[in-house]
Amino acid sequence: MMTGEWGIYIVLYFWLAAMGGGAFLIALGLRDERARRSGAFLAFIGIVIGALLLIVDLGQPTRFWHLLVGFHPVSVMWLGSAVLALSGLGLFLLLVMREWPGWLVWVTAILVLLVVGYTGVLLMATARPFWSGSPLMPWIFLASAYTTGAALLVLLGNREPGLHRISFNFALIEIVLVAAHLIWTYPLAKNAVQAALTGDLAWAFWGFVVLGVALPLYMEAQRRAASLAALLVLAGGFLLRYFIVYAGQTGVLRF
């Protein structure tokens, strides 16, 4: 779906799809039906806006349509496009139905989970060492989706006590996975890792670490300012995707 240099539209797509998808997957486990419908709405909006951003990034809307209607099951991009469209359809059906059929909930949940993880798979399918040098990229995006999804539900007023614990636990998993990925890929993508740690992208990487993980974890431990902590987690999710997308193109793009 994406060709040439990957920029801010791709970062925004990754971010929105993760937030909305994570919110939906988490909300399915909550007792509140309104929360489940809110999660479905957030995921639908994230996927629709994400698809529009992809179309804008392509520059020619017909290219997205041709990719979607063609049949290329061995293409990661085609599979991603198909899953994106089907998950959007499933979410739309849930939103317009009064009662949710169990089978549709399960199918849509699997499709949304694939959308969230697919972004990492897409990066791994490239020949760029920072993205493909370790098998952790999809798991980083999945962990971040749950972290930001829980934060989004909190920010929108959901006070389920388990949401804070979900965000806390997945933030810890997320930072461990990111650190492991940097160590793993350093021999293959030294310039990219250095750009993230001390170079042009250090502001995004350390912003993710401090604003998106460390401060929210501290605030959660102190039981303070839940809404502010949630907002910082969302900002950290954006910075994570920003430094990953651009670090993978070190030497290709100027920041």
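Throughout the sequence shown, residue numbering follows my numbering, covering 959 to 1213 in sequence. The beta carbon of each residue, even a glycine, is placed where N, CA and C say it ideally should be.
With contact defined as three or more Cβ pairs closer than 8 Å, the segment 1142-1149 and the segment 1102-1120 are not in contact. Annotation for W964: V1203 and Q1207 place their beta carbon closer than 7 Å to its own, counting only its chain and skipping 5 residues before and after. Shown here, T1156 sits in coil according to DSSP, grouped into three states, outside any helix or strand. The alpha-carbon separation between V1191 and F1201 amounts to approximately 15 Å.
DSSP, reduced to helix, strand and coil, places T1208 within a strand of the structure shown. Pairing I1003 with S1045 gives a Cβ-Cβ distance that is not under 8 Å.
For M1055, no alpha helix (DSSP H) run applies, since DSSP gives it neither H nor E. Your pair T1143 and V1151 checks out as a contact, with CB atoms roughly 6 Å apart and the cut at 8 Å. Distance from the CA atom of A1138 to the CA atom of Y1076, rounded to whole angstroms, is 20 Å.
The alpha carbon of G997 has as its nearest neighbour, out of V1065, L1110 and G1157, the alpha carbon of L1110.
Comparing C-alpha distances from L1080 to each of P1059, G1038, W1061 and T1106 shows the shortest one belongs to G1038. Counted as a single uninterrupted DSSP element, the stretch harbouring L1169 is not any alpha helix (DSSP H), since DSSP gives it neither H nor E. Note that the C-beta distance between F1126 and Y1104 is not below 8 Å.
Taking a C-beta distance under 8 Å as the contact criterion, V1070 and G979 qualify as a contact pair. Short of 7 Å from the beta carbon of F999, and not among the five residues preceding or following it, lie these beta carbons of its own chain, in chain order: L1053. Three or more Cβ pairs closer than 8 Å define a contact, and the segment 1171-1187 falls short of that threshold against the segment 1086-1103. Under the three-state reduction of DSSP, L988 is assigned to coil, being neither helix nor strand.
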